[in-house]
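Shown next, in structure tokens, is the structure this report addresses.
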Amino acid sequence: MSAVLEIRITLAGTERVVAAGTTTGEALGADGRTVIAARVNGDLRDLAAEVSEGDVVEPVAIDSADGRAILRHSTAHVMAQAVQEIFPEARLGIGPPVENGFYYDFDVKDPFTPDDLKRIEKRMREIVKQGQTFSRRPVSDEDAREELAAEPYKLELIGLKGGAAGSDDGADVEVGGGQLTIYDNLDPKSGELCWKDLCRGPHLPTTRVIPAFKLMRSGGAYWRGSEKNPQLQRIYGTAWESREKQDEYLRLLEEAEKRDHRKLGAELDLFSFPDELGSGLPVFHPKGGVIRRIMEDYSRRRHEESGYSFVNTPHITKEHLYKVSGHLDWYADGMFPPMELEGARYYLKPMNCPMHNLIYRARGRSYRELPLRLFEFGTVYRYEKSGVIHGLTRVRGLTQDDAHIYCTRDQMRDELKSLLRFVLDLLRDYGLEEFYLELSTKDPEKFVGSDEAWEEATETLREVAESENLELVLDPGGAAFYGPKISVQVRDALGRTWQMSTIQLDFNLPELFELEYQAPDGSRQQPVMIHRALFGSVERFFGVLVEHYAGAFPPWLAPVQVVGIPIADAHAPYLQDVAKRLRERGIRVEVDVADDRMQKKIRNAQKAKVPFMLLAGDDDVAAGAVSFRYRNGEQKNGVPIEEAIDEIVDAVERRVQV
Ligand SMILES: [Zn+2]
Ligand SMILES: [Zn+2]
């Protein structure tokens with residue numbers, strides 16, 4: 205008589221009837237290796253979770269973004285277990301998955317050594333092999349407190365619970381509001397408890413499902429990211445769905461390390477970060493200075509050709525300006541503290557826009573002057589936490605290639621179109637070829653300006669993306685309240701993406717600064733304002749280019765374009781003469797007259813990543829020729845001097861890579 209209770213669920217879009225008590229894993233027919241978890245009504249769940257009436261159940265593959273996060277977080281548990289077995293006094297912090305890996309923080313007496321990491325990794329391999337199961341167990345707050353009495357950091361998290369949701373320190377992987385859960389690691393044979401952790405989950409079914417992992421490094425990290433809290437020791441690791449994927453990732457990392465602009469910047473003598481100046485404040489050395497000047501000169505020329513007016517503004521201002529602009533309300537955290545002078549408070553400027561607005565407002569404007577495009581290499585100062593400062597890509601003093609464009613509503617469409625094309629063209633000239641666009645659209649709850657203006661701007665940006673055949677990623681509701689934004693994301697030579705240029709519409713500042721122009725009918729109208737930075741900052745763009753080119757800049761940007769290498773001392777004057785003729789054509793050339801042997805000079809030029817080496821020996825001198833040696837080691841002998849000069853000048857003028 206006893207009828208089996210049946211429930212209806214939706215699986216891969218199809219309705220299915222299953223017995224009560226069916227797990228997501230059973231419903232999905234998951235093997236627990238390629239499909240390692242489920243998404244139920246939008247939330248991630250273990251394969252062991254039971255389904256309920258009306259559930260919509262989808263598989264989570266180990267090689268998906270969600271799957272990798274679960275794999276990595278499970279590996280973090282395995283690592284924490286290994287750490288506590290080897291260092292029983294280690295107390296647990298937080299251990300979330302991160303991009304490409306995971307970490308876990310521990311309170312330990314001494315920092316971990318590389319040998320410690322090896323021991324931990326070895327123990328992890330044993331735990332993986334053993335196939336411990338991850339078993340979820342709901343607990344009351346009170347029980348959790350009792351069970352975790354020896355883990356002070358976990359106790360603190362229990363106290364946070366709801367408050368941890370959406371926090372950016374990773375605390376929400378452990379407690380996310382609602383019911384607390386503990387994950388037990390159980391011995392697959394005896395069912396005995398091996399280890400446990402306060403955790404929201406979900407997890408892999410067993411540790412055996414971890415296909416590939418590696419511990420990467422360790423370092424200090426403050427509890428919950430605040431320097432007021434105790435310093436813990438963080439171990440970073442990576443985990444992947446296959447050995448091949450992991451190897452691929454490690455190779456990419458190795459390549460990225462070789463290209464690290466901080467390392468190349470020192471090796472190639474381009475820039476440095478003197479301690480005396482303070483964190484995030486770079487200086488450019490002569491060679492870096494040349495590259496920077498060429499970058500800027502070219503940008504200036506292109507802007508001039510495209511109808512921009514050049515302006516200049518100071519580095520500091522009285523605070524009133526940033527009160528009017530609202531920066532002191534919503535950007536104060538990103539600014540350097542004020543300084544007092546003659547009874548007034550002054551700020552280092554974090555943005556140029558308010559000053560450009562003053563230039564706009566300096567006199568009455570007519571519609572005939574619009575669009576008015578103001579451009580400046582404007583140096584700004586921003587307070588970045590010391591923990592996030594990174595080489596040239598995240599600094600405290602930076603120079604923006606900043607433009608503000610003031611136009612009428614009717615001009616907005618054409619202006620945006622030509623602007624985006626201009627940006628993409630210029631990025632291509634610097635050798636960046638792969639882009640996609642990200643469009644942040646209106647947050648319906650919070651915006652200024654008319655619906656029509658937002659709509660038109662958004663549609664225009666979408667049209668341009670389509671006409672350029674570029675992938676467009678939408679960030680719905682992601683725009684700032686004052687206007688929609690498009691950002692150009694660039695893929696570099698290693699396939700990494702960098703946010704470069706941004707084009708931001710602004711319906712707010714023209715209002716705050718009471719900007720106006722006189723329309724053809726004599727009425728006073730408010731212009732639309734567009735903020736646009738193309739490099740983002742010169743420093744960051746420089747850093748990205750160093751890594752993109754691995755320091756081997758194309759000839760037009762290379763600080764030294766040609767090195768002359770005499771085969772013997774006697775050939776030096778001949779090459780000096782060639783160098784003089786190159787210089788007359790605008791080429792940056794040096795002749796290596798050091799005492800070193802020729803082979804050593806060639807190696808030095810290779811290390812400096814000089815695009816062209818010109819060699820000369822007796823035969824060359826007799827024939828009025830030189831011999832090329834290129835970066836790839838190829839050689840071309842007996843090239844008549846005039847021809848050689850033309851080849852070099854041509855490569856520079858066409859801005860090609862060699
Ligand atoms: Zn966890
Ligand atoms: Zn601006």
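Heads up: the sequence shown begins at 205 in this note's numbering, then just goes up one per residue. Built from N, CA and C at the ideal position, the CB exists for glycine as well.
Status (buried if at least 16 other CB within 10 Å, exposed otherwise) for residue i
| i | result |
| --- | --- |
| Y585 | buried |
| M543 | exposed |
| Q839 | exposed |
| G233 | exposed |
| I769 | buried |
| D647 | exposed |
| I849 | buried |
| T218 | exposed |
| G395 | exposed |
| N389 | buried |
| R428 | buried |
| G595 | buried |
| W919 | The first residue shown for the chain is 205 and the last is 862, placing residue 919 beyond what the model contains. |
| S691 | buried |
| R447 | exposed |
| T583 | buried |
| A369 | Because A369 sits at a pLDDT of 49, beneath the cut-off of 50, its placement in the model cannot be relied upon, and the point is left open. |
| A755 | Per the sequence presented here, residue 755 reads as Gly, with Ala not at that position. The residue in question, G755, is buried, as its Cβ has 16 or more Cβ neighbours within 10 Å. |
Close beta carbons around residue i, own chain, < 6 Å, minus the five adjacent residues each side
| i | result |
| --- | --- |
| T385 | R340 and P342 |
| C403 | E378 and Y387 |
| V592 | R598 |
| V151 | Any property of residue 151 remains undetermined from this structure, which presents the chain solely from 205 to 862. |
| R421 | Y440 |
| P263 | L232 and V239 |
| P714 | Q730, P731 and M733 |
| G682 | S644 |
| F540 | L552, Y585 and Y587 |
Opposing strand residues paired with residue i [DSSP bridges]
| i | result |
| --- | --- |
| Y308 | I439 |
| N389 | F338 and W399 |
| Q839 | R833 |
| M543 | Y550 |
| K418 | T442 |
| A242 | R249 and P263 |
| T662 | DSSP lists no partner for T662. |
| H735 | H608 and Q708 |
| S513 | L578 |
| A684 | G687 |
| I211 | V222 |
| W534 | In DSSP, W534 forms no bridge with anything. |
| E675 | Y640 |
| M817 | V767 and R833 |
| L384 | V343 |
| I520 | L552 |
Sequence-distant residues of the same chain with beta carbon closer than 7 Å to residue i, five excluded per side
| i | result |
| --- | --- |
| N841 | S831 |
| P815 | P759, A762, Q765, R835 and V862 |
| I771 | M802, L819, A820 and G821 |
| R789 | I849 and V853 |
| R859 | D633, P758 and W760 |
| G236 | G229, L251, P409 and V413 |
Residue-chain proximity (residue i, chain C), Cβ-Cβ < 8 Å
| i | result |
| --- | --- |
| P724 | Structure shown: chain C not included; a single protein chain is present. |
Same chain only: Cβ atoms within 8 Å of residue i, ignoring 5 sequence neighbours per side
| i | result |
| --- | --- |
| G424 | P315, Q435, L436, Q437 and R438 |
| E459 | L698 |
| I362 | D345, A348, R349, L352, V379, L384 and L402 |
| E619 | P575, I609, C611 and I734 |
Closest Cα partner of residue i within the set the options
| i | options | result |
| --- | --- | --- |
| H608 | L698, E508 and V732 | V732 |
| E638 | E670, D655 and Q693 | Q693 |
| A470 | Q285, E846, V652 and A812 | A812 |
| P680 | L674, P688 and I240 | P688 |
| T238 | I274, T603 and L562 | I274 |
| T664 | M616, D629 and D696 | M616 |
| N245 | L251, A252, G258 and G236 | G258 |
| Y426 | Y357, G441 and E303 | Y357 |
| L457 | L674, P486, F685 and R700 | R700 |
| T521 | L749, V748 and L552 | L552 |
| Y564 | Q730, G405, L545 and E846 | Q730 |
| W709 | L321, A737 and A231 | According to the sequence as given, residue 709 is Leu; it is not Trp. For the residues L321, A737 and A231, the minimum Cα distance to L709 belongs to A737. |
| D559 | H524, A548 and S590 | Asp is not the amino acid found at residue 559; the sequence shown has Met there. Out of H524, A548 and S590, H524 has the C-alpha closest to the C-alpha of M559. |
| R577 | P541, Y307, L623 and G740 | L623 |
| N304 | T442, A354 and K313 | T442 |
Residues proximal to ligand 2 by C-beta, any heavy atom closer than 5 Å: Look at which beta carbons fall closer than 5 Å to any heavy atom of ligand 2; those residues are C557 and H735.
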